[in-house]
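The structure appears right after this line, and notes come after that.
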Amino acid sequence: MLNPSEDGQLLYSFMAENPVRFKAIEVVYKNILTARGAETNDPVDREKRCALDMLKLLNETTELEATVSHDRLYVLIGLLDFDPLPKALQPDYSKPFEKLCYEFTLFILEQTQDIRVLNLGTAGNFSNVPSWTPSLRNSWTATANIISSPGKCFNLTADRKVLTMPAIILGQCVSVCKPIEPDASTGGISPLAFMHFDESIIKVAAAIRRVTRMVVMTEWFKYYLADIYTEERLTQNPVIV
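For the sequence shown, the positions run 1 to 241 when this note's numbering is used.
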């Protein structure tokens, strides 16, 4: 379905390294083209369809990389082959990448009312755009993995800078622990570092929940190992085991 000779070096390189993920992208792309059969000529509906299709492709291609940051998005726009392109998606390499991410995200938000696009990159990496703007350059762990809201659940100010939405306060932070860094000379981790983590996190969590430290530690390991050794990741990269 995707022809590397026509669809760009970006996808060609990725196909060579990861044929399984490339196939997944192909399936999503094929479904998008199939859905085009019922396309309307209404420009409003066309822009919404374009935004929805971009959200689907972005969610499936978080592992793609590009030497030029802008190409990370412009290649996907080229695959969609929308004519005419919405103004927010028209290629402009003179535009700072952070502004491109902001306008791209804003376009999808306003057209689809779908906040999942905010989860497709790391937020807070830019200084000249709103802090909620995700960096869409590359994020191996990003995915629109939350359930789509049945309706609009956010508001933007008139200048489209401040985004607000309802939230639930789960609690407050009672203890923190810095990331444990391996020793630069040996590559190992000091037992003292593990003891500090146990004292700051495991012991506190166990006390709050009124369970043993072993229960908390077991659940913690299960959570992280389940994230690392998913069937999808094993298929993508068997060497992790």
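All C-beta atoms in this analysis are idealised placements derived from N, C-alpha and C, irrespective of residue type, glycine included.
(message) Could you compute how far the alpha carbon of Thr186 sits from the alpha carbon of Ala193?
(response) Position 186 of the sequence shown, counting from 1, holds the residue named residue 186. Position 193 of the sequence shown, counting from 1, holds the residue named residue 193. Straight through space, the alpha carbons of Ala193 and Thr186 are spaced by roughly 15 Å.
(message) Which same chain residues end up closer than 7 Å to Lys203 when comparing Cβ atoms and leaving out the 5 residues on each side of it in sequence?
(response) Position 203 of the sequence shown, counting from 1, holds the residue named residue 203. Beyond the five residues adjoining it in sequence on each side, Lys203 comes within less than 7 Å, by CB distance, of Arg213 in the same chain, given in chain order.
(request) Count the other CB atoms, across all protein chains shown, that sit within 10 Å of the CB of Tyr74; report buried if there are 16 or more and exposed otherwise. (result) Within the sequence shown, the letter at position 74 stands for residue 74. Of the other Cβ atoms in all chains shown, 16 or more fall within 10 Å of the Cβ of Tyr74; this residue is therefore buried.
(request) Measure from the alpha carbon of Arg49 to the alpha carbon of each residue in Arg36, Asn59, Thr61 and Glu60, then state which is nearest. (result) As a working mapping, residue 49 is identified with position 49 in the sequence shown. For Arg49, the closest C-alpha among the options Arg36, Asn59, Thr61 and Glu60 is that of Arg36.
(message) For a test of the three-state rule: what should DSSP assign to Thr133, helix, strand or coil?
(response) Mapped onto the sequence shown, residue 133 falls at position 133. Under the three-state reduction of DSSP output, Thr133 falls in the coil class, being neither helix nor strand.
(message) So for Ala24, helix, strand or coil by DSSP?
(response) As a working mapping, residue 24 is identified with position 24 in the sequence shown. Helix.
(message) Measuring only the C-alpha atoms, how far is Tyr12 from Val176?
(response) Walking along the sequence shown from the start, residue 12 turns up at place 12. Walking along the sequence shown from the start, residue 176 turns up at place 176. For Tyr12, the pLDDT reaches just 49, beneath the cut-off of 50, and the residue's location in the model is therefore unreliable, leaving the point undetermined.
(message) Could you tell me the alpha carbon to alpha carbon distance between Leu100 and Glu26, rounded to whole angstroms?
(response) Your numbering for residue 100 matches position 100 in the sequence shown. Your numbering for residue 26 matches position 26 in the sequence shown. The alpha-carbon atoms of Leu100 and Glu26 are separated by roughly 25 Å.
(request) Decide if the region 76-86 is in contact with the region 113-122; the criterion is three or more beta carbon pairs, one per stretch, under 8 Å apart. (result) No: the two stretches stay apart, fewer than three of their Cβ pairs being nearer than 8 Å.
(request) Apply the 10 Å Cβ neighbour rule to Thr105 and answer buried if 16 or more other Cβ atoms are within range, or exposed otherwise. (result) What you label residue 105 is simply residue 105 of the sequence shown in a count that begins at 1. Its Cβ being crowded by 16 or more others within 10 Å, Thr105 is buried.
(request) Between the Cα of Ser94 and those of Phe82, Leu118, Val68 and Val117, spot the shortest distance and give me the residue it belongs to. (result) On the sequence shown, residue 94 is found 94 positions in, with the first residue counted as 1. Nearest Cα to Ser94 within the set Phe82, Leu118, Val68 and Val117: Val68.
(request) Let me know the secondary structure DSSP gives Thr112 once reduced to three states. (result) The count along the sequence shown starts at 1 and reaches residue 112 at position 112. Helix.
(request) Quickly, what does DSSP pair Asn243 with across the bridge? List them, please. (result) Nothing can be reported for residue 243: it is not among the residues displayed for the chain, which extend from 1 to 241.
(request) State the Cα-Cα distance for the pair Leu156 and Pro86, rounded to the nearest angstrom. (result) The residue you call residue 156 lines up with position 156 of the sequence shown. The residue you call residue 86 lines up with position 86 of the sequence shown. Pro86 has its alpha-carbon roughly 20 Å from the corresponding atom of Leu156.
(request) Scan the region 169-226 and note each continuous beta strand (DSSP E) run of 3 residues or more that stays entirely inside, going in chain order. (result) Listed in chain order, the beta strand (DSSP E) elements of length 3 or more contained wholly in the region 169-226 amount to none.
(request) Express the C-alpha separation of Arg72 and Ala24 in angstroms, rounding to a whole number. (result) To locate residue 24, count along the sequence shown from 1; it is residue 24. To locate residue 72, count along the sequence shown from 1; it is residue 72. The straight-line gap from Cα to Cα measures roughly 18 Å.
(message) By alpha-carbon positions, which one of Arg137, Asn119 and Pro96 ends up nearest to Val129?
(response) Stepping through the sequence shown from its first residue, residue 129 is reached at position 129. Cα-wise, what sits closest to Val129 is Pro96.
(request) Would you mind reading off the limits of the alpha helix (DSSP H) that contains Val68? (result) Position 68 of the sequence shown holds residue 68. That residue, Val68, is in no alpha helix (DSSP H); it is neither H nor E in DSSP.
(message) Just to confirm before moving on: does the CB-CB distance between Gly121 and Ser131 stay below 7 Å?
(response) Along the sequence shown, read from residue 1 onward, the residue named residue 121 stands at position 121. Along the sequence shown, read from residue 1 onward, the residue named residue 131 stands at position 131. If you check the CB distance, Gly121 and Ser131 do not come in under 7 Å.
(message) Looking only at its chain, what residues have a beta carbon closer than 6 Å to the beta carbon of Glu47, apart from the 5 residues adjacent to it on each side?
(response) Position 47 of the sequence shown, counted from the start, is the residue given in the question as residue 47. The answer, listed in chain order, is Pro86 and Gln111.
(message) Rounding to the nearest angstrom, what Cα-Cα distance links Lys178 and Ser200 in this structure?
(response) What you label residue 178 is simply residue 178 of the sequence shown in a count that begins at 1. What you label residue 200 is simply residue 200 of the sequence shown in a count that begins at 1. Approximately 10 Å, taken between the alpha carbons.
(message) Short of 6 Å in beta carbon distance, which residues of its chain neighbour Ser190, apart from the five on each side in sequence? Order them along the chain.
(response) As a working note, residue 190 is residue 190 in the sequence shown. There are no such residues.
(message) Considering only their Cβ atoms, is the gap separating Val215 from Ala253 smaller than 7 Å?
(response) Past the edges of the chain, shown from 1 to 241, lies residue 253, and the structure says nothing about it.
(message) Taking only three categories from DSSP, how would you classify Thr62?
(response) Numbered from 1 along the sequence shown, position 62 holds the residue referred to as residue 62. Three-state DSSP puts Thr62 in coil, outside helix and strand.
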